[in-house]
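**Q**
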Amino acid sequence: MRVLSKLMLAAAMLAGTVAGANAQDKTPVKLGAIEILTGPNSRYGIAIQRGFDLALADINKAGGVLGGRPLALAYEDSAGAKEQALNAARKLIGRDRVPLILGPTLSNEMFAAGPVANERKVPIVGTSTTANGITAIGPYVFRTAMPEADVIPVTLKTAQSKFGIKRVAVMYGNDDAFTKSAYDVMKATLEKLGIQVLTTETFGSKDTDFSAQLTKIKGLNPDAIVLSALVEAASGIALQARQLGIDPKVFIIGGNGLNSPKLGEIAGASADGTIVGSPWFIGKKDPANQAFVTAFREKYGDSPDQFAAQAYDTLFIVAKAIDAAGAPDSEKIKDALIKVKHTGVMGPFSFSESRDPADTSGVVVLTMKGGKFQLLE
Amino acid sequence: MLEQQLVNGVVLGATYALFALGFTLMFGVMGVINLTYGVYFAVGAFAALWSTQALGLPIAAALPLGALIAGVIAVAIDTLLLTRLRKAKAPELASLMVTLGATLFLYAGMAASLGTEIRRFPAAVFDGGAYDLGAVRIGTTQILIFGAAVALVVALMALVRGSRLGLAIRAVAENPDAAALMGINGGLMLRVVSFLSGAIGGAAGVLVGLNFNAIQPFMGEHMMLRGFAVIIVGGLGDLRGALAAGLLLGFAEVLTAAYVSSTFKDLTAFALLVATLWFRPLGLFGRAAAKRA
Amino acid sequence: MWQTLDDFYWTYQSLIHGIGVNGILALSIYVVLAVGQLSLGQAAFMGVGAYTGALLTVKFGTPFAVSMAAAAAVPALIALVVGGPTLRLTGVYLAIATIGLGEITRIVFLNWDYAGGALGLSGIPEKGGVLAIYGTLAVVLIALILVARSRIGRAMEAMREDEAAAGVMGVNLPRYRMTALVVSSGLAGIAGCLSAHVSSFIGPNEYGFETAVTILSYALLGGIGSPVAPVLGAAILTLLPEVLRPLADFRLMVNGLIIVVAVLFMPRGILPWRIARTG
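Here it is in structure tokens:
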């Protein structure tokens, strides 16, 4: 019995090597991706999908993974609902048997889907989940998104040293995990830097009228407005602040939500002077980034945003991990991921011990001029 | 600062009032909470946006065109969805449910075909200039919104109270069967009302989209929640009440944010709503006519 | 074979839980609809139940049974307090008032830092599971069928068809309405608690207007002729987005269209039969 099984094992191994050497395994390596592809928040998911698809084409053109196997992505739509994100994760793991999941789009969805992937020991890599506590879900939860806790202190310190701000008004969207979590970081950082907070105002993420809060802020004469909001609300706030006659010198210091070309497109000159910290900038001059931006515009007729850039890099990082793992096996990929070093459009990348981005040197501070972000000189 | 806050309150209030006018008119005559109303708001804004971009129309022409298109769509939706239920004298619940399903369908359809990205009017269409009056600053769009709200209420009141058409509409609202016996074409009247309220919703969408410079398919969804509060506080079906309640809500929200805490701003609408239901269920002007609901 | 079944169960676990929980929610709205009232506050009651149960479990480590009992009691209490004034009103008014209740609870959860605020409450331990969910559903369903077949059921149907006449015939209208609202909110609270303990995370934005409307649509699709119909409606509408998933962008549209068609052409739901009476 024992001899027989050993023999069979040897035969199988032999077959395996032969297959590997001669008739190359061309079956695609399929990964899962859970993103918001429909509904009000679909623009984030679609930007991410475009980033993935562009990277996928590049990787497969260059010969795929594991010595010639093409990479494939199975998308599941979460529609922004955590139940659907959860169902999608279960389906991808239980039915499609993917060795790794990319996404989901929102931190909320990760809090639902992450524990499930972790339970089944399938690595799950968030590309846009910036809230606190994401990777604390478990050892199989990774993220390539730079958490707000790394970016915001850089922004505020720069604002303090460059513009000498002393007194600020704070505004944040209080009905959204993303903006609330960024606010928490802002509050702590402002305290640490000894910047005086004159007032803290809140709004709902779907509000369109901010005049009451802004009138109050105008009366307090702050040096700057520290703002944690999604881009829609942020644009409205910038527009209305100028409409109400708040001095253009009182600039906005934003969280990650403001880091979108849409801010300038919607708010135009009203958003001028706004500064944000960003893990990525469209105008970065390095050739990899330039090539990415050109290819993206060619394929989609639209400029990439940081979500697309993060997604683009993430797929390369994952592909490297699969190659290093030597097989599309969850456990091996997980062990390989933590060791991956990649230099992509966002700059140098590796994971920290806690599976967050380790390197914050890529963080840049941007300022808006004429409706466009540029590097703060 | 108080003066500026009062101006903010008037403008926000006028926005709510304008939106709620069509909503309450629709209920007043048809006795149905038509949830698709939020869609007309977005349709009007998108139609105006399209006409400025594709046809190069000035805003003075785009605004009525947006209203017209929204009105026509309102008539189409009403005919498609509610005529059948009206004939069968189906319960209120069924009508509410149908408009709910239609809302889901229309929002998803708009999002799929137009995308969920925020659009804005080309800068050349309308200069958002502002006037400084002492400590107070008022934008031109804001004046336009306020003016439009007042003008629409006056025009609607004149129509409903003072014209033969208005008399016929009120007759249909009061008792469709008796109205039919008197030779009034009930179906036509309902279509007229659908058109009017759709057009008001559309016009509100254009103006609000212009003021906040943000147009997207789901813009009406958020307004609907305020709309509920305004039509209840004003009294269901009461046009004058909608104007007053819209302004009241605008002031209440602004003053809460200014002097209490902006955290409670969103609570204001619903606090007013619940208080009204407890103490004045027929609304501010509490007319008995509202009892039929 | 067992492995395959096990995997199947694991893959569709949330869906299986969802069908059960939504079945209980459908019954909770059924109880209100059955006396001719309309509540859009079911989502709020569900949320209050979910938060009550989850907070007790997470912060105080109470046994599951205690969390469940509290999750039923707190929403029932709220219903009792707000029910008095709102039940004087009927139809549209009550519906809109309950929308108001929903918004108020949402804003309270958003600003209540102890319960996680906007970030929600995560790390809820898994308890109850499929047995508790379907056990509860079965018990509630049987109880409601028994009630529907009794004298009480006849009184409820009379209220639904003609309130004034029912009142004249000696049906104690306020008491029936109140009882229905309290029972219904308790049921919604239990459903919320059950679902919180199988999904590990709850957030304040999950129990808003759209959830309330979805719950209502379960009952309207199924019909309220008997308690079985809403449960079936819930099962269909829960499965629908999963079955229609390949349609991606059009899923919501199809979902909406189905609601429109169901109501327009089947105003009494897909299970229009009434239940036989014994009392």
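Chains as they are written, first to last, in the UniProt record's numbering: chain A, 1 to 377; chain B, 1 to 293; chain C, 1 to 279. Heads up, the beta-carbon is just placed ideally off N, CA and C, and yes, glycines get one too.
1. Which whole-angstrom value is the C-beta distance of M159/C and L141/C, which I expect to be below 8 Å?
2. What are the residues that DSSP puts in a beta bridge with L31/A?
3. How is Q216/B classed by DSSP in three states: helix, strand or coil?
4. Per DSSP, S228/A is paired with what?
5. Run through chain C and tell me which residues come within less than 7 Å of V98/B, C-beta to C-beta.
6. Is any beta-carbon of chain A found at less than 8 Å from that of A130/B?
7. Check A289/B in the structure and name its three-state DSSP category.
8. Taking buried to mean at least 16 other C-beta atoms within 10 Å of its own C-beta, is T374/A buried or exposed?
9. On a CA-only basis, which of E221/B, F46/B, W50/B is nearest L35/B? Give me that one, please.
10. I'd like the span of the beta strand (DSSP E) that includes L366/A, first residue to last.
11. Cβ closer than 9 Å: which chain C residues qualify as neighbours of A102/B?
12. Consider the Cβ of S42/A: report whether some Cβ of chain B lies at a distance smaller than 8 Å.
13. Under 7 Å, CB to CB, which of the residues in the segment 87-117 of chain C have a partner in chain B?
14. Nearest-angstrom Cα distance between T105/C and A76/C?
15. Restricting to Cα atoms, I'd like to know which of I36/A, Q240/A, G63/A, G255/A is closest to T127/A.
16. Output, in chain order, the set of chain C residues within a Cβ distance shorter than 7 Å of D175/A.
17. What separation, rounded to the nearest whole angstrom, lies between the Cα atoms of A148/C and F23/B?
18. Compute every distance between the C-beta of S185/C and the non-hydrogen atoms of the ligand GTP, then say whether any falls below 7 Å.
19. Which word fits V261/C, buried or exposed, when buried means at least 16 other C-beta atoms lie within 10 angstroms of its C-beta?
20. Given this structure, state the Cα-to-Cα distance separating F285/B from R170/B, to the nearest angstrom.
21. Quick one: list the residues of chain A neighbouring T11/C, beta-carbon separation under 7 Å, in chain order.
22. Tell me the rounded alpha-carbon separation between L102/A and D25/A.
23. So, is the C-beta of F212/B closer than 8 Å to a C-beta in chain C?
24. DSSP state of Y131/B, grouped into three classes?
25. Would you call the CB atoms of A57/A and A257/B closer than 8 Å?
26. Rounded to whole angstroms, what's the CA-CA distance from E92/B to L190/B? Just pull it up for me.
27. Is the segment 360-368 of chain A close to the segment 203-213 of chain B, with three or more CB pairs under 8 Å?
28. Let me check understanding here. Comparing Cα to Cα, which of I266/A, T274/A, I59/A, E201/A lies closest to G236/A?
29. Check whether the Cβ of V274/B lies closer than 8 Å to any Cβ atom in chain C.
30. Which residues in chain B sit within 7 Å of V213/C, going by Cβ to Cβ distance?
31. Within 10 angstroms of the Cβ of E377/A, are there 16 or more other Cβ atoms? Answer buried if so, exposed if not.
32. Classify A275/B as buried or exposed, calling it buried when 16 or more other Cβ atoms lie within 10 Å of its own Cβ.
33. Applying the criterion that 16 or more other CB atoms from any shown protein chain within 10 Å of the CB defines a buried residue, is M169/C buried or exposed?
34. Along the beta strand (DSSP E) that carries I252/A, what are the first and last residues, could you check?
35. What is the rounded straight-line gap between the Cα of Q290/A and the Cα of K299/A?
36. How is the alpha helix (DSSP H) around S161/A delimited, first residue to last?
**A** The answer reads as follows:
1. At roughly 21 Å, the Cβ-Cβ gap does not stay under 8 Å, so M159/C and L141/C are not in contact.
2. L73/A
3. coil
4. Y172/A
5. V260, V263, L264
6. yes
7. With a pLDDT of only 44 at A289/B, under 50, the local geometry of the prediction cannot be trusted, and no value is derived from it.
8. Note on identity: in this sequence residue 374/A is Gln, with Thr being the wrong assignment. Its Cβ having fewer than 16 others within 10 Å, Q374/A is exposed.
9. E221/B
10. 364-369
11. G256, L257, I259, V260
12. yes
13. L89, G91, V92, Y93, I96, A97, I99, G100, E103, I104, I107, N111
14. 14 Å
15. I36/A
16. L110, A118, N205
17. 38 Å
18. Questions concerning the ligand GTP fall outside what the structure shown contains, since it holds no ligand whatsoever.
19. exposed
20. 18 Å
21. R90, K91, G94, R95
22. 24 Å
23. no
24. strand
25. no
26. 17 Å
27. no
28. I266/A
29. yes
30. L100
31. exposed
32. exposed
33. exposed
34. 251-254
35. 14 Å
36. 148-163
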